[in-house]
Structures are given as C-alpha cells and as structure tokens.
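Asks: Using the numbering used here, read the sequence shown as starting at 150 and increasing by one per residue. We put the beta carbon where it would ideally sit given N, CA and C, even for glycine. Please read all numbers here as calculations on a predicted model, not as lab measurements.
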Amino acid sequence: SSAKIEVEDVAKRLMDYGFHAPTMSFPVPGTLMIEPTESESKEELDRFCDALISIREEIRQIENGTLDETDNPLKNSPHTAESVISEKWNHQYSRELAIFPLPYLRNNKFWPSVGRVDNVYGDRNLVCSCPPMESYQ
C-alpha cells in the first residue's frame, strides 16, 4: 500500500483496540483470517468493525502525511501500559492515540503484556521452559 502498512501492523494494532490479533497469512499469504462466530454478540461485532474502520482512518492519515510513515501507531503497536506511562515518549503521535483510539477503551482497556516481538525469530528459536519428559513418567 502507499502507506507501507503490512498485515502484521493491522493485526498488532487490533490488540490496542482490545482484540486478539487474528491469524496472519494463513491460508492465504498477506491476509488476515477473521473468524467471528455465532457466539459473538452483535455489539461485539460492531465494536470490531469500528476498530477496523478506525485503523483504516489511521492508514489514511499515514497516506496523507498526517502520521509519519515509520513512527505511527500501527508500526509501533501493540502499546503496553509500561510504554505509555514511562516519562520517555519519543513518538510523533500522542499517547492518547496509542492507547485510546476509540472512546470505549477508556472504560474497558485490555493492556498487552508485551510490545511487538520478532515472530519469525521466536518460531525458529523456540525455548521450551517445560520440565524434562522424564518428570512426566
């Protein structure tokens, strides 16, 4: 895209809106697999749609230069509580936009426990902290 936003950026930004990041690039590369079920209420589906519409507006702001191409809420998401309460904030966008992009989040905020990690590195260099197999016998 003209904003240089990747699938992972949208998936991680959804975490700032209180949603679990959807499956990325499976079964189709470069896509998100969104799987709402009949167990989700209409209110929850509407909230999800509002988040997607808001993220699209953030992308539009990158496209028109209102938000920076590399230092923006999508490229830096998800935002942890620690990252926004720190005295140091070196981003060109506000903490408000980072953590409360929609009004409902002020009353019901999910805080991701970690920021973005290198998913491929983690997948290829798994560190298991499980007890040895012998302990299960």
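Rounded to the nearest angstrom, what separates residue 164 and residue 285 at their Cα positions?
Replies: Taking the straight line from one Cα to the other gives about 36 Å.
Asks: At which residues does the alpha helix (DSSP H) containing residue 265 begin and terminate?
Replies: Run containing residue 265: none; DSSP gives neither H nor E here.
Asks: Determine whether the Cβ of residue 213 lies closer than 7 Å to any Cβ atom of chain C.
Replies: No chain C is present in this structure, which holds just one protein chain.
Asks: State the start and end residues of the unbroken alpha helix (DSSP H) segment that holds residue 197.
Replies: Residue 197 -> alpha helix (DSSP H) spans 191-212.
Asks: Contact defined as beta carbons within less than 8 Å: I believe residue 227 pairs with residue 261. What is the distance between those atoms, to the nearest angstrom?
Replies: At roughly 4 Å, the Cβ-Cβ gap stays under 8 Å, so residue 227 and residue 261 are in contact.
Asks: Are there three or more Cβ pairs, one per stretch, closer than 8 Å when the region 160-177 is compared with the region 193-211?
Replies: Segments in contact, yes.
Asks: Name, in chain order, the residues that DSSP records as bridge partners for residue 172.
Replies: Partner(s): 182.
Asks: Do residue 222 and residue 254 have their CB atoms nearer than 7 Å?
Replies: No, they are not a contact pair.
Asks: Helix, strand or coil for residue 261, going by three-state DSSP, please let me know.
Replies: Three-state DSSP puts residue 261 in coil, outside helix and strand.
Asks: Classify residue 104 as buried or exposed, calling it buried when 16 or more other Cβ atoms lie within 10 Å of its own Cβ.
Replies: In the structure as shown, the chain begins at 150 and stops at 286. Residue 104 is therefore absent and cannot be evaluated.
Asks: May I have the straight-line CA-CA distance separating residue 278 from residue 233, to the nearest angstrom?
Replies: So the alpha carbons of these two residues sit roughly 30 Å apart.
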